[in-house]
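Trainee:
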Amino acid sequence: MRQSFLFTKTRKEAPKDEVAQNAKLLIRAGFIHKELAGVYSYLPLGLRVMEKIVEVIREEMNAIGGQEVTLTALQDKKVWETSGRWDDSVLDVWFKTKLKNDTELGLGTTHEEQLTALMKDYIASYRDLPRYVYQFQTKFRNETRAKSGIMRGREFLMKDLYSFSADQETHDAFYEKTKQAYSRIFARLGLGDRTYVTFASGGSFSKYSHEFQTLSESGEDIIYIDKKQNIAINKEVYNGDSLSTEEANNLASVGIKSVNLEGPFKAIEVGNIFSLGTRFSDAFELNFVAQDGSKKPVIMGSYGIGPGRLMGTLAEVLSDENGLVWPEVVAPFRLHLIALFDKEGKVKAYTDVLYEELTEQGVEVLYDDRDQRAGEKFADADLIGIPYRAIVSDKTLAEKVVEFKDRKTGEVTKVSETQLQKMLAKKTD
Ligand code: ATP
Ligand code: MG
Numbered sequence: 000m001r002q003s004f005l006f007t008k009t010r011k012e013a014p015k016d017e018v019a020q021n022a023k024l025l026i027r028a029g030f031i032h033k034e035l036a037g038v039y040s041y042l043p044l045g046l047r048v049m050e051k052i053v054e055v056i057r058e059e060m061n062a063i064g065g066q067e068v069t070l071t072a073l074q075d076k077k078v079w080e081t082s083g084r085w086d087d088s089v090l091d092v093w094f095k096t097k098l099k100n101d102t103e104l105g106l107g108t109t110h111e112e113q114l115t116a117l118m119k120d121y122i123a124s125y126r127d128l129p130r131y132v133y134q135f136q137t138k139f140r141n142e143t144r145a146k147s148g149i150m151r152g153r154e155f156l157m158k159d160l161y162s163f164s165a166d167q168e169t170h171d172a173f174y175e176k177t178k179q180a181y182s183r184i185f186a187r188l189g190l191g192d193r194t195y196v197t198f199a200s201g202g203s204f205s206k207y208s209h210e211f212q213t214l215s216e217s218g219e220d221i222i223y224i225d226k227k228q229n230i231a232i233n234k235e236v237y238n239g240d241s242l243s244t245e246e247a248n249n250l251a252s253v254g255i256k257s258v259n260l261e262g263p264f265k266a267i268e269v270g271n272i273f274s275l276g277t278r279f280s281d282a283f284e285l286n287f288v289a290q291d292g293s294k295k296p297v298i299m300g301s302y303g304i305g306p307g308r309l310m311g312t313l314a315e316v317l318s319d320e321n322g323l324v325w326p327e328v329v330a331p332f333r334l335h336l337i338a339l340f341d342k343e344g345k346v347k348a349y350t351d352v353l354y355e356e357l358t359e360q361g362v363e364v365l366y367d368d369r370d371q372r373a374g375e376k377f378a379d380a381d382l383i384g385i386p387y388r389a390i391v392s393d394k395t396l397a398e399k400v401v402e403f404k405d406r407k408t409g410e411v412t413k414v415s416e417t418q419l420q421k422m423l424a425k426k427t428d
């Protein structure tokens, strides 16, 4: 893409009311636009990052047998009454609305209810199980604290996966598989070394749920880490002094015999997985006929990741004093091609052709063809955070090279055009 064509512009200042570092940077770089506290629009650069994050998650969900759907945001009050979660005192983040005839509707905060009701049309026998269904869908939550930028939206994208199994063994095996898929996702996004599988409060059907917590000073959660076992425990189940006998017994029952924890550390919850048991299948009478002819409730699980929160997390933990630093897999473009125009137009003529060639070779290039000073172009490139930069000027033309710069390390090398093409082709995800 030619940068002169891009409608967004970088800006020196973030909106005064914006307090989160991720949103400040993303707004200044033109990735998102703030509408209200906790409500952000995604602009071309931001959407490209979001779609790449979504694609990584989608690949891993498909690899474990997930089937993708899109459920609706407008939800029937009746399904929520069935599970007992329509009441504002039970679920305190509701946005509710009404049809013209006064029928109440909810704007979906999550989809256990709706999907359980839907699956009744398709699950009747053991032959119909197991089933794994997921979506990328906009959730609405009336969050009281919306001070973490896109990490805590009032309207935000969630990947939510739901599992439907005939027995506990099948459920447990899939739960484990999902946990591993989640770890792969965070590793692929460059967060593997600072993201911990974390024991958190589980609800009524298992001792623990598992959160995926990424260490960051901007996190809203507090965790304790056992580095040797590569696990963590959320403050909500461990107070930081010593384990209560009950907690030690609970941990022992899930295979953790002893813990050696450091902390407290601040962390961002990037994912959360739950065993739901028969909480929803009982309420909705989602039963199946087992092989022996008996009627049994389906065993369920739910598994969430926030792609927007992940994008915010990347902006928080990987950026530096000059701006954003995207990992290759989700960067809006792979190469920022910067032309420093000369009066005779030689640089422009050369760079136009190079841009076309690279694009034809499948390299995603943002070409800074704007008529601006070098300093402004470099500052913008630093802010936008594309992993690799190639600079063309009358000097580099005379030397028959281009200057190649790595955004993360700051390392600059002079390379020939052929070398540049090779380097970009080689660096695959
Ligand atoms: P939190 O404890 O941070 O409020 P939650 O436990 O309510 O989140 P879940 O319902 O488990 O969140 O949602 C699954 C995932 O969706 C979370 O792990 C997070 O990545 C993402 N998520 C949740 N709430 C938001 C939000 N308001 N904005 C952006 N992403 C969110
Ligand atoms: Mg959670």
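Residue 130 in numbering that gives the first Met the number 0 sits at position 131 of the sequence shown, with consecutive numbering throughout. Backbone N, C-alpha and C define an ideal beta-carbon position, used for all residues, glycine too. Keep in mind that this is a model prediction, so the values were computed, not measured.
What is the residue span of the alpha helix (DSSP H) that Asp379 lies within?
Mentor: Element bounds for Asp379: Ala373 to Ile383.
Trainee: For the putative contact between Gly300 and His170, defined by C-beta atoms under 8 Å, what is the C-beta separation to the nearest angstrom?
Mentor: Indeed, because the Cβ distance is near 6 Å, the residues count as touching under 8 Å.
Trainee: Check whether the Cβ atoms of Gln66 and Gln113 sit closer than 8 Å, and answer yes or no.
Mentor: It is not a contact, given that the beta carbons lie outside the stated cut-off.
Trainee: Quick one: give me the first and last residue of the alpha helix (DSSP H) that Asp393 is part of.
Mentor: Asp393 -> alpha helix (DSSP H) spans Asp393 to Glu398.
Trainee: Would you kindly work out how many angstroms separate the C-alpha atoms of Pro306 and Glu343, rounded to a whole number?
Mentor: So the two alpha carbons sit approximately 46 Å from each other.
Trainee: Give the DSSP-derived three-state secondary structure of Met157 in the structure shown.
Mentor: Three-state DSSP puts Met157 in a strand.
Trainee: Go to Phe204, then tell me how far its beta strand (DSSP E) extends in each direction, as first and last residue.
Mentor: Neither: Phe204 is in no beta strand (DSSP E) and is coded neither H nor E.
Trainee: Do you know how far the Cα of Asp281 is from the Cα of Ser293?
Mentor: Their backbone Cα atoms lie some 15 Å apart in a straight line.
Trainee: Compare the beta carbon distance of Glu268 and Asp220 with 8 Å and say whether it is the shorter of the two.
Mentor: Yes. Within cutoff.
Trainee: Would you list the one or two residues that DSSP bridges to Glu261?
Mentor: Paired residue(s): Ile224.
Trainee: What residue from Phe279, Lys51, Tyr349 and Gln179 has the CA that sits closest to Leu188's CA?
Mentor: Of the listed residues, the one whose Cα sits closest to Leu188 is Lys51.
Trainee: Spatial neighbours of Leu25 within its chain, please: CB distance less than 6 Å, with the 5 preceding and 5 following residues excluded, ordered by chain position.
Mentor: Here the set comprises Ile31 and Ala314.
Trainee: How many angstroms separate the CA atom of Leu382 from the CA atom of Ala28?
Mentor: Approximately 6 Å, taken between the alpha carbons.
Trainee: Report back the beta-carbon spacing between Thr350 and Val411 to the nearest angstrom; my notes put them in contact at under 8 Å.
Mentor: About 18 Å; that fails the 8 Å criterion.
Trainee: Contact between the segment 159-167 and the segment 80-92: three or more CB pairs below 8 Å?
Mentor: They do not touch, by the three-pair rule.
Trainee: Got a sec, what are the start and stop residues for the beta strand (DSSP E) His110 sits in?
Mentor: Looking at the DSSP string, His110 is not in any beta strand (DSSP E), and its letter there is neither H nor E.
Trainee: Beta strand (DSSP E) containing Tyr39: first to last residue?
Mentor: Run containing Tyr39: Val38 to Tyr41, per the beta strand (DSSP E) assignment.
Trainee: Of all Cβ atoms in chain D, is any one closer than 8 Å to the Cβ of Ala314?
Mentor: Among the protein chains of the structure shown there is no chain D, as only one such chain exists.
Trainee: When DSSP labels each residue in this structure, what does Ile149 get in the three-state scheme?
Mentor: Three-state result, Ile149: helix.
Trainee: Please name the residue or residues paired with Leu104 in a DSSP beta bridge.
Mentor: Bridge partners of Leu104: Asp75 and Thr96.
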